[in-house]
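Comments concern the structure below.
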Amino acid sequence: EDRQRHERQSQPELLHDGSASVIRSATTDDIPALLVLGEQFHLASPYAHLPFDTVRVTNTLNAAMNDGIVVVHGDPVDGMAGAIKGPLWFADGFAAQELFLWGRGGKELRLALEAWARREGCGTFSMVCLENERFPVISRMYRMAGYHPTEHHFVKSL
């Protein structure tokens, strides 16, 4: 099992080869580029007041590569997305949840995450949208892609 995980992390799988973009599974070799993109995302988020922890992000990326999915766009990497799956707490089945999506290739990255969730037997896939000035545009895009709002998160700094 450990060997299979290592092979997954070191051998990129081509997921989408459109005329304008290439989406592939991320490998550990992509982590430096993912950290750069991750820090950009962090600075644009409501959590920018917290320090960006490269060790924590690297550990999270490795865990997602092992137990979920991380995909990248471009060569060199200029977009990234990740997701995990988990059991539904109220019914038999699984749901997948986007962890992050940032940079170029957003639609293709989202489609790659959705395809992974289907292969994993998930009945639903959830996308997240930050509550900021881009919320109306992103919300409209998700609705056009078949998503519907189900809940809002409220965050309080402690």
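The sequence shown: position 65 = 46 (my numbering), numbered continuously. Built from N, CA and C at the ideal position, the CB exists for glycine as well. Here the structure is a predicted model, which is why all the values come from computation and not from measurement.
Item: Ser79 vs Met108 beta-carbon contact at 7 Å; Value: The question names Ser, yet the displayed sequence has Glu at residue 79. Yes, the pair counts as a contact, with Cβ atoms nearer than the cut-off.
Item: Chain-order list of residues whose beta-carbon lies under 6 Å from that of Gly104 (same chain, five-residue window excluded); Value: Gly74
Item: Continuous beta strand (DSSP E) stretch holding Phe106: start and end; Value: 103 to 107
Item: Assigned exposure category for Ala29 - 16 Cβ within 10 Å defines buried; Value: exposed
Item: Beta-carbon proximity list for Glu114, same chain, < 6 Å, skipping 5 on both sides; Value: none
Item: Check whether Leu90 and Leu82 have beta carbons under 7 Å apart; Value: yes
Item: Exposure label - Arg124; buried when at least 16 CB within 10 Å; Value: exposed
Item: Residues near Ser26 in its chain [Cβ-Cβ closer than 7 Å; skip 5 each side]; Value: Leu111
Item: With 16 other Cβ atoms within 10 Å as the buried cut-off, status of Thr35; Value: exposed
Item: Endpoints, the beta strand (DSSP E) within which Leu80 is located; Value: 75 to 84
Item: Reduced DSSP category for Ala29 - H, G, I as helix; E, B as strand; rest coil; Value: coil
Item: Simplified DSSP state of Lys88, which is helix, strand or coil; Value: helix
Item: Extent of the continuous alpha helix (DSSP H) run through Val38; Value: 35 to 48
Item: Contact under 7 Å by Cβ, Ala77 with Lys66; Value: yes
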